[in-house]
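Encoded as structure tokens, the structure appears first; notes follow it.
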Amino acid sequence: MIVFRIAWGGSLLIRRQLIDEAGLLKKWSQAFCEDTMLDRVARRQGYRQVFVPNVMVVNRETCTFSDLMNWVPRQLLTAKLYHSSWPATVGYGIISSAIPFLAAVVAIVGWMQSDWGSMRAAFFAFIAFEISNVVLVLLCETSFHRSGSHCGAPTSGLSTASLVKLPFWIVVSQIVSPFWFCKCFFTTKVTWRGIVYHVRGDKIQRGPHTSYSEPTPETRSL
302 MIVFRIAWGG
312 SLLIRRQLID
322 EAGLLKKWSQ
332 AFCEDTMLDR
342 VARRQGYRQV
352 FVPNVMVVNR
362 ETCTFSDLMN
372 WVPRQLLTAK
382 LYHSSWPATV
392 GYGIISSAIP
402 FLAAVVAIVG
412 WMQSDWGSMR
422 AAFFAFIAFE
432 ISNVVLVLLC
442 ETSFHRSGSH
452 CGAPTSGLST
462 ASLVKLPFWI
472 VVSQIVSPFW
482 FCKCFFTTKV
492 TWRGIVYHVR
502 GDKIQRGPHT
512 SYSEPTPETR
522 SL
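All residue numbers for the sequence shown refer to the numbering used here, where the first residue is 302 and numbers rise by one.
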């Protein structure tokens, strides 16, 4: 999101001039989301989007795996609809899934042909790739703490249990990633925060909704 300049509405500041000059209120009234389109809109108006680490926030809510299976395709859909880096996002997803898959194929073929050298090469390539992913997550975590953005919201970072589980869940995400992309490409209806959105290409139609509801003790996110 940082490299591709994909904004997040939960921690975002927009100049009033941009809202007025770009007609953002009208664009938002016909859009699926308010944040992902901003980089393209800002550049067209001669503005630029800047990432500021110390305004990141900690999300204390929880989610289930089922929540995640709906959330990721929805996030991909916003990039598909509104962001110029969508092809790069797809490319990153393909590479993330293809490397473990190819390593598994090479290992299986090597085992069937008693080619132990190929098996070892596939195994070490898979391990090296997964270690690099774990390192990237830990670098993000470390960078977040160094930014000081968690001040006022105490956090101890990833627990030992989370660190142990991290490689497993990274592999799981790579396995289900093709499903996420397929769902993103073929979805025609999204339910999000109590609102039903009908997707017809880049045309979005919102179902009936209320602009405000009483807060609930619900702690699940996404």
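Backbone N, C-alpha and C fix where the C-beta goes; we use that ideal spot for every residue, glycine too.
Assuming Q350 and D340 make a contact with CB atoms under 8 Å, what is their CB distance in whole Å?
-> 5 Å
Use the C-beta contact count for S398: other C-beta atoms within 10 angstroms, 16 or more gives buried, fewer gives exposed.
-> buried
Could you tell me which residues DSSP puts in a beta bridge with Y498?
-> V491 and R507
For T443, which of helix, strand or coil comes out of DSSP?
-> Three-state DSSP puts T443 in a helix.
Closer than 8 Å by C-beta to R345: which residues in its own chain qualify, once you throw out the five before and the five after it? Chain order, please.
-> A323
In three-state terms, what does DSSP make of T363?
-> strand
Coil, strand or helix - T461 by DSSP | helix
Determine, using beta carbons only, whether G394 and S478 come nearer to each other than 7 Å.
-> yes
Given that a residue counts as buried once 16 or more other Cβ atoms are within 10 Å of its Cβ, and exposed if not, what is E431?
-> buried
Under the three-state reduction of DSSP, which class applies to R375: helix, strand or coil?
-> helix
Beta-carbon contacts of G310 that lie in its chain and below 8 Å, excluding the five residues immediately before and after = C334, E335 and D336
Would you mind stating whether Y383 and M338 have Cβ atoms separated by less than 7 Å?
-> yes
Expected contact under 8 Å - CB spacing of F424 and A408 to nearest Å | 6 Å
Taking only the alpha-carbon atoms, compute the straight-line gap between L459 and L439 and give it to the nearest angstrom.
-> 9 Å
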